[in-house]
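Visitor: With the working numbering, the residue at position 7 of the sequence shown is 7, and numbering never jumps.
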Amino acid sequence: MIRVTWTGAAGLQFETGQQTILIDPYHTRVGIFHTLTRVILPDEAAISTHLPDMEQIDAIVVSHTHSDHALDVPYIAGHCDCTVVGSASLNTLMELNGLPNRVRVCSGGETVPLGESAAVTMVPTAHGLVAMGKVPFPGEIGTDSCLPMRASGYRVGTVFAPKLVIHGKTFIHVGSANFIDAEMAGHTCDVLFLCVPGWKKRQGYPRRLIERVRPQTVVLFHHDDFSKPHIKGTRTRSLPFTDIKGMVKTIERNFPELRVMVPDVYDTLEF
Ligand SMILES: [Zn+2]
């Protein structure tokens, strides 16, 4: 049994009893006005509340280095001896935080073992065109950057769709609504996590992607308003204009045999 908790934004927490693996952990949830006007910092209290056993974390995988995917990663990694997997841009961010040589730097296609019973393949992908038809904050985090940075300093870096195999089950994490058709060829999974915002801006998303990877279950996520705190046990407040119902209908119409799940933040799913 693998327990997977959606921890908000594109954050997933995988637990097997022996292992804990995080993808894109983001608990700070910086407010929108703050994001637009000031530098941003990890909310250490929020991270500690949601990750009380940080030293138990075995691995952190990062899909790209926008702040809602990477801001909290150096703080968490600084509190455990975990493996960190991500891009050169993530490595720069870790170095800026005084954590050199911690990242297994990937450029796309690498498979990295995570302990005895898990491995992640960093499938190359593209970012969703969510900022007026463009990728927000393109490029790499600069080695000459000074912390703390504004959100705009958290450049996207290389973008991955991590494929995590854990105890024989395969999960693909699509943390931004886009994909590269040729790069997905040959990758299949049991469970596909799909970013909702921007889903209408990429032709063939999600239909063509689902045809490629042939999951049994699709889980929709990253649609929460991550500029506000989320209280565990309450209904998820979604970002405006995401049309989750329309995305569910599109998937169900094209793939009637698929199980489609729309969890609330901090819901735990079992596979
Ligand atoms: Zn992003």
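Cβ atoms here follow ideal geometry from the backbone N, Cα and C, with glycine treated the same way.
Would you tell me roughly how many angstroms separate the C-alpha atoms of residue 36 and residue 51, rounded to the nearest one?
Guide: The residue labelled residue 36 in the question sits at position 36 within the sequence shown. The residue labelled residue 51 in the question sits at position 51 within the sequence shown. Roughly 27 Å between the two C-alpha positions.
Visitor: Can you list, in chain order, the residues of its chain whose CB lies under 7 Å from that of residue 242, leaving out five sequence neighbours each side?
Guide: Taking the first residue of the sequence shown as 1, we reach residue 242 at position 242. 196, 197, 223, listed in sequence order.
Visitor: Mind checking whether residue 64 and residue 221 have CB atoms under 8 Å apart?
Guide: The sequence position of residue 64 within the sequence shown is 64, counting from 1. The sequence position of residue 221 within the sequence shown is 221, counting from 1. No.
Visitor: In the DSSP assignment, the alpha helix (DSSP H) including residue 37 goes from what residue to what residue?
Guide: In the sequence shown, residue 37 corresponds to position 37, counting from 1. Counting along the chain, the alpha helix (DSSP H) containing residue 37 begins and ends at 32–37.
Visitor: Would you say residue 260 touches ligand 1, meaning its beta carbon is less than 7 Å from a heavy atom?
Guide: For the purposes of this step, residue 260 is taken as the residue at position 260 of the sequence shown. Residue 260 Cβ: outside cutoff for every heavy atom of ligand 1.
Visitor: Looking only at its own chain, which residues have a Cβ that is under 8 Å from the Cβ of residue 44, when we skip the five neighbours before and after it?
Guide: Taking the sequence shown and counting its residues from 1, the one referred to as residue 44 is at position 44. Excluding positions up to five away in sequence, the list reads 75.
Visitor: Residue 218 to residue 259, Cα distance in whole Å?
Guide: For this step, residue 218 is matched to residue 218 along the sequence shown. For this step, residue 259 is matched to residue 259 along the sequence shown. Each residue's alpha carbon lies about 6 Å from the other.
Visitor: Go ahead and label residue 1 buried or exposed: buried means 16 or more other beta carbons lie within 10 angstroms of its beta carbon, across all protein chains shown.
Guide: The sequence position of residue 1 within the sequence shown is 1, counting from 1. It is exposed - the Cβ of residue 1 has fewer than 16 other Cβ atoms within 10 Å.
Visitor: Consult DSSP for residue 70 and reduce its assignment to one of helix, strand or coil.
Guide: Your numbering for residue 70 matches position 70 in the sequence shown. In the structure shown, residue 70 sits in a helix (DSSP, three-state: H, G or I).
Visitor: Mapping the DSSP letters down to three states, classify residue 54 as helix, strand or coil.
Guide: As a first step, residue 54 must be located in the sequence shown, where it is residue number 54. Reduced to three states, the DSSP call for residue 54 is helix.
Visitor: What does a CB cutoff of less than 6 Å around residue 227 pick up in its chain, not counting 5 residues either side in sequence?
Guide: Here the question's residue 227 lines up with position 227 in the sequence shown. Here the set comprises 31, 32.
Visitor: Which residues mark the beginning and the end of the beta strand (DSSP E) in which residue 268 is found?
Guide: For the purposes of this step, residue 268 is identified with residue 268 of the sequence shown, where counting begins at 1. Residues 268–270.
Visitor: According to DSSP, is residue 12 helix, strand or coil?
Guide: Within the sequence shown, numbered from 1, the residue matching residue 12 stands at position 12. Three-state DSSP puts residue 12 in a strand.
Visitor: Taking Cβ positions, are residue 39 and residue 60 nearer each other than 8 Å?
Guide: Your numbering for residue 39 matches position 39 in the sequence shown. Your numbering for residue 60 matches position 60 in the sequence shown. In this structure, residue 39 keeps its C-beta atom at 8 Å or more from the C-beta atom of residue 60.
Visitor: Tell me which residue opens and which closes the alpha helix (DSSP H) that residue 210 is part of.
Guide: For this step, residue 210 is matched to residue 210 along the sequence shown. Residues 207–213.
Visitor: Straight-line CA distance for residue 105 to residue 267?
Guide: On the sequence shown, residue 105 is found 105 positions in, with the first residue counted as 1. On the sequence shown, residue 267 is found 267 positions in, with the first residue counted as 1. Between residue 105 and residue 267, the C-alpha separation is close to 31 Å.
Visitor: Name the two residues that bound the continuous beta strand (DSSP E) containing residue 21.
Guide: Here residue 21 is taken as the residue at index 21 of the sequence shown, counted from 1. Where residue 21 is concerned, the enclosing beta strand (DSSP E) stretches over 20–23.
Visitor: Do you know how far the Cα of residue 18 is from the Cα of residue 115?
Guide: Locating residue 115 in the sequence shown gives position 115, where the first residue counts as 1. Locating residue 18 in the sequence shown gives position 18, where the first residue counts as 1. Their Cα atoms are separated by approximately 10 Å.
Visitor: Please state if the CB of residue 128 and the CB of residue 24 are separated by a distance shorter than 8 Å.
Guide: Here residue 24 refers to the residue found at position 24 of the sequence shown. Here residue 128 refers to the residue found at position 128 of the sequence shown. No.
Visitor: Can you tell me where the alpha helix (DSSP H) with residue 249 in it begins and where it stops?
Guide: Residue 249 sits at position 249 when you count from the first residue of the sequence shown. Note, residue 249: alpha helix (DSSP H), 244–254.
Visitor: In the structure shown, what three-state DSSP assignment does residue 238 receive?
Guide: Mapped onto the sequence shown, residue 238 falls at position 238. Three-state DSSP puts residue 238 in a strand.
Visitor: Quick check: the Cα distance between residue 257 and residue 91, rounded to an integer number of angstroms?
Guide: Walking along the sequence shown from the start, residue 257 turns up at place 257. Walking along the sequence shown from the start, residue 91 turns up at place 91. If you take the alpha carbons of residue 257 and residue 91, they lie about 41 Å apart.
Visitor: To the nearest angstrom, report how far apart residue 231 and residue 156 are at their CA atoms.
Guide: As a first step, residue 231 is located in the sequence shown; it is residue number 231 there, counting from the start. As a first step, residue 156 is located in the sequence shown; it is residue number 156 there, counting from the start. Near 28 Å, if we compare the C-alpha coordinates of residue 156 and residue 231.
Visitor: For residue 111 and residue 58, which I take to be in contact (beta-carbon distance under 8 Å), what is that distance rounded to the nearest angstrom?
Guide: Looking up residue 111 in the sequence shown gives position 111. Looking up residue 58 in the sequence shown gives position 58. Actually they are not in contact, since the Cβ atoms of residue 111 and residue 58 sit about 16 Å apart, beyond 8 Å.
Visitor: Using 10 angstroms around the beta-carbon of residue 236, count the other beta-carbons present and answer buried if the total reaches 16, otherwise exposed.
Guide: As a working note, residue 236 is residue 236 in the sequence shown. The residue is buried, with at least 16 neighbouring Cβ atoms inside 10 Å.
Visitor: If we ignore side chains and look at the alpha-carbon of each, how far apart do residue 89 and residue 213 end up?
Guide: Here residue 89 refers to the residue found at position 89 of the sequence shown. Here residue 213 refers to the residue found at position 213 of the sequence shown. Near 27 Å, if we compare the C-alpha coordinates of residue 213 and residue 89.
Visitor: For ligand 1, is there any heavy atom lying closer than 7 Å to the beta carbon of residue 62?
Guide: Reading the sequence shown from its first residue, position 62 is the one you call residue 62. Not under cutoff, so the answer is no.
Visitor: Between 144, 95, 87, which lies nearest to residue 122 when the distance is taken from Cα to Cα?
Guide: Counted from its first residue, the sequence shown places residue 122 at position 122. The residue with the shortest Cα to Cα distance from residue 122 is 87.
Visitor: Mapping DSSP to helix, strand and coil, what is residue 47?
Guide: The residue labelled residue 47 in the question sits at position 47 within the sequence shown. Correct three-state label for residue 47: helix.
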